[in-house]
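Q:
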Amino acid sequence: MPVRVLPDFLVNQIAAGEVVERPASVVKELIENALDAGADQIMIDVIDGGRTLISVIDNGSGMSREDLAKSITRHATSKLPDDDLLNINFMGFRGEALPSIASVSDMAIDTCNGMDSNGWSLDCNTGEIKPSDWEAGTRVRVKNLFSKTPARLKFLRGDRAEMISVLDVVKKLAMARTDVGFTLNNKWRFPKNQDMQERIASIMGDDVRGRMLPVDASSASSKSLKLYGFISEPTLRRASSVDQYLFVNGRPVKDKVLVGALRAAYMDVMHAREFPLCALYLDMDPRNVDVNVSPAKTEVHFLEPSHIRGFIIKNLRDVLSKPMGEKQNIQPNTQERIWPEVRKMTFDVSKPVYVASPHLAPDSAFMFPVSEKQEVVNNDIVTEIHEQDTYDLPLGRVIGQVGNKYVLSQRPDALVIIDQHAAHERITYEKLRSHSIKVQPLLTPIVINMKSEDVVAVLSISDDIRKAGLHIDAFGDDAIAIFEKPADWDLDWADLFHSIADEVREYGHSAQLNERLHLKLANYACHHSVRAGQKLDFAQMDALLRDIEKTERGSECNHGRPVYKIIPLTDIDAWFERI
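If you count the sequence shown from 1, position 192 lands on 191 in numbering that gives the first Met the number 0, and the numbers rise without skipping.
(1) Looking only at its own chain, which residues have a Cβ that is under 7 Å from the Cβ of Y428, when we skip the five neighbours before and after it?
(2) By the three-class DSSP mapping on this structure, what secondary structure does W119 have?
(3) Along the chain, where does the beta strand (DSSP E) that runs through P393 open and close?
(4) Which ranges would you report for the alpha helix (DSSP H) in the region 220-302 if only whole runs of at least 4 residues count?
(5) What would DSSP say about V165, mapped onto helix, strand or coil?
(6) Can you tell me whether A38 is buried or exposed? The criterion is at least 16 other CB atoms within 10 Å of its CB, across all chains shown.
(7) So, M106 versus V139, is the Cβ gap smaller than 8 Å?
(8) What residues are listed by DSSP as bridge partners for A216?
(9) Just reading off the beta strand (DSSP E) that V207 is part of, what are its end residues?
(10) Name the residue from G61, G402, R210 whose alpha carbon lies nearest to the alpha carbon of N32.
(11) Quick test of the definition: if touching needs 3 or more C-beta pairs under 8 Å, does the region 221-236 touch the region 266-283?
(12) Under 8 Å between the Cβ atoms of A175 and G249?
(13) Determine whether the beta carbon atoms of L261 and L226 lie at a separation below 8 Å.
(14) Are the Cβ atoms of A486 and V438 separated by less than 8 Å?
(15) What is the DSSP secondary structure of E20, counted as helix, strand or coil?
(16) Nearest to P322 by alpha carbon, out of L544, T550, L245, A573?
(17) Do P22 and V165 have their C-beta atoms closer together than 8 Å?
(18) Using only the alpha-carbon positions, how far apart do I312 and A263 sit?
(19) Between the Cα of E555 and the Cα atoms of D472, V446, A473, Q419, which residue gives the shortest distance?
(20) Output yes or no for whether 8 Å exceeds the beta carbon distance between L245 and L279.
(21) Identify, in the order they occur along the chain, each residue of the same chain with its Cβ nearer than 7 Å to the Cβ of I202, setting aside the five sequence neighbours on each side.
(22) Taking one C-beta from the region 189-206 and one from the region 215-223 each time, how about it: are there three or more such pairs within less than 8 Å?
(23) Beta-carbon separation of A422 and L535 under 8 Å?
(24) Using CA coordinates, which residue listed in E65, G209, L442, R515 is at the minimum distance from F482?
(25) According to the neighbour-count rule (16 or more other Cβ atoms, all chains shown, within 10 Å of its Cβ), is Q327 buried or exposed?
(26) Roughly how many whole angstroms lie between the Cα atoms of F365 and G559?
(27) What is the residue span of the alpha helix (DSSP H) that N314 lies within?
(28) On the DSSP bridge list, what partners appear for A107?
(29) The beta strand (DSSP E) that contains I41, what's its start and end?
(30) Find the nearest neighbour of S102 within the set N124, N88, T110, S116, judged by alpha-carbon distance.
(31) Kindly indicate which three-state DSSP category S528 falls into: helix, strand or coil?
(32) Taking Cβ to Cβ, would you say V179 is nearer than 8 Å to K191?
(33) Identify, in the order they occur along the chain, each residue of the same chain with its Cβ nearer than 7 Å to the Cβ of S528, setting aside the five sequence neighbours on each side.
(34) Give the C-beta separation of G48 and D158 to the nearest angstrom, bearing in mind that I take them to be a contact with Cβ-Cβ under 8 Å.
(35) Please list the terminal residues of the continuous beta strand (DSSP E) segment that includes R545.
(36) Looking at C-alpha atoms only, which residue of V503, H508, R432 is the closest neighbour of L518?
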């Protein structure tokens, strides 16, 4: 069969197969064009899931008659002022969207640039341009999507499913640009210049209010590299990654490096089958990231992926690891609540009661037998309660234990319930993490046979593997040898290193060793901590609270379960109808 040059209409339809997968793809391309045109108000209307009509109206700069004619020509774009593909500062740049959409639908464009005496209207089927009364911005109407390619039309899902995909696209772009107002079908509205936290709540749901942690970090080695946004506290999670919004230079992406870094940052505070919420923005020099990877522009390639991954993991862990005393600044609200006078309380007890000394060191009180006790009184114990003493304690003062499982404490503004096992488990885990790994040299190296390409992949991260206590090296071209390993590790080494090789070849890095180390430490901490059902005295409970207040990631245990719950007194008042 001879080689022939394909006609333009067929070339456009082939290109449409890459760019226009479904109605949501059309909406994405048209909104990105509107954003690149400087629009700050965008209205989207979709009928029948996008099959019948997609309309996008913006108040951007509009086009002249000449630019309108060029706009439906393949590879014609206003987003590349020169020929440098490594310096892209716009959402779009390929010049394929409009001609591709026009080749599979009935498309019309109305536009006005504000400088011509009138607007212009283009019928993309005929290429005819006529004067119009359109006053400002641009309107693109796409009718009968895929009517020219019936084979593609039958692969569309139901109207409701396609509408959900369209909404997902609008949410991502609305999260990318909080300075722009979006309206979808006059039903979903995201106001212009909306506060970031308000937009996050309107997109992710009201349950995120007050439960998102701010991120704001800059790289010491690169002034242009910045990470900012919000991540969820570990006790706020989803069953899927639906509420993970990641952006690179303002572009929504689903990148393996970013997703892997997010997962690694939450590894020891959230179960592997659960997903954190985030709206994270990575700004960097455009020359250090390649966005010209796929026609949909949802994937990127980083010049230094390991550096980006490490930068993200470190800064997210710093946010998650702040002790409670640093996360909260508790101030007494003396104007709203009037505290009663300090009064004396009398308890009739038949057994000695020990009260923790305020000067007793927390570690010695909790980890070892109490050596210093206050005077024991068998009849009347007179205790003065000073409310002001609790202002500096994020978890308040201990008032008792319930079911030998939960510690109760009181703050001036709240009642706090602490899971004693989860709290001590986190304390033990963090202490184990701070210790160096004890390494055992092997008299006879452990040899693992692998494919030569897997050997190369594993050795490419040998420095990271060494930090985990494993000394490895090549053993010929198709094997590696382990010369040192952590002293108490007995694993299926062949399975581990084959998994590491698979991850490195696909993602450029591997989290296998860190995950195994986390599971090892988490299991040890779980079995060597205070158990549910164990009775604690006041000194031990007080020491437990003081320790968890200054422990990194102290608000959740190693399995992602909450360590404590804070119940505001206003909520308790509401239970008893006092407010």
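C-beta: ideal position from N, C-alpha, C; glycine also.
A: Working from what's here:
(1) Short of 7 Å from the beta carbon of Y428, and not among the five residues preceding or following it, lie these beta carbons of its own chain, in chain order: L520, A521, A524, N557.
(2) Looking at W119 - three-state DSSP - the assignment turns out to be strand.
(3) For P393, there is no enclosing beta strand (DSSP E), as DSSP marks it with neither H nor E.
(4) DSSP runs (the alpha helix (DSSP H)) wholly in the region 220-302: 255-264.
(5) Reduced to three states, the DSSP call for V165 is helix.
(6) Buried is the call here.
(7) For M106 and V139, yes; Cβs fall inside 8 Å.
(8) The beta-bridge partner set that DSSP reports for A216 consists of L226.
(9) Bounds of any beta strand (DSSP E) do not take in V207, whose DSSP letter is neither H nor E.
(10) For the residues G61, G402, R210, the minimum Cα distance to N32 belongs to G61.
(11) Cβ pair count under 8 Å is three or more, so yes.
(12) Their beta carbons are under 8 Å apart, which means A175 touches G249 by this criterion.
(13) The answer is no: Cβ separation not under 8 Å.
(14) A Cβ-Cβ contact shorter than 8 Å links A486 with V438.
(15) DSSP places E20 in coil when its eight states are reduced to three.
(16) The shortest C-alpha separation from P322 is found at T550.
(17) Closer than 8 Å, so yes.
(18) Just so you know, the alpha carbons of I312 and A263 end up roughly 7 Å apart.
(19) With distances taken between Cα atoms, E555 lies closest to Q419.
(20) Taking 8 Å as the Cβ cut-off, L245 and L279 qualify as a contacting pair.
(21) Residues K170, A173, M174 of the same chain have their beta carbon placed closer than 7 Å to that of I202, with the five preceding and five following residues left out of the count.
(22) They do not touch, by the three-pair rule.
(23) Against a cut-off of 8 Å, the Cβ pair of L535 and A422 comes out as no contact.
(24) Cα-wise, what sits closest to F482 is L442.
(25) Here the model assigns Q327 a pLDDT of 43, short of 50, so the residue's position is not dependable and the matter cannot be decided.
(26) Because F365 carries a pLDDT of 37, less than 50, the predicted location of this residue cannot be relied on, and the following value inherits that uncertainty. It is roughly 24 Å from the alpha-carbon of F365 to the alpha-carbon of G559.
(27) Its alpha helix (DSSP H) spans residues 304-319.
(28) A107 pairs with D122, R140.
(29) Taken as a continuous stretch (DSSP letters only), the beta strand (DSSP E) holding I41 covers 40-46.
(30) The candidate whose alpha carbon is nearest that of S102 is N124.
(31) Reduced to three states, the DSSP call for S528 is coil.
(32) Yes.
(33) The answer, listed in chain order, is H420, H423, E424, T427.
(34) For G48 against D158, the beta-carbon gap comes to about 4 Å, under 8 Å, which counts as contact.
(35) Taken as a continuous stretch (DSSP letters only), R545 belongs to no beta strand (DSSP E), being part of the alpha helix (DSSP H) at 537-548.
(36) Looking only at V503, H508, R432, the smallest Cα-Cα distance to L518 is reached by R432.
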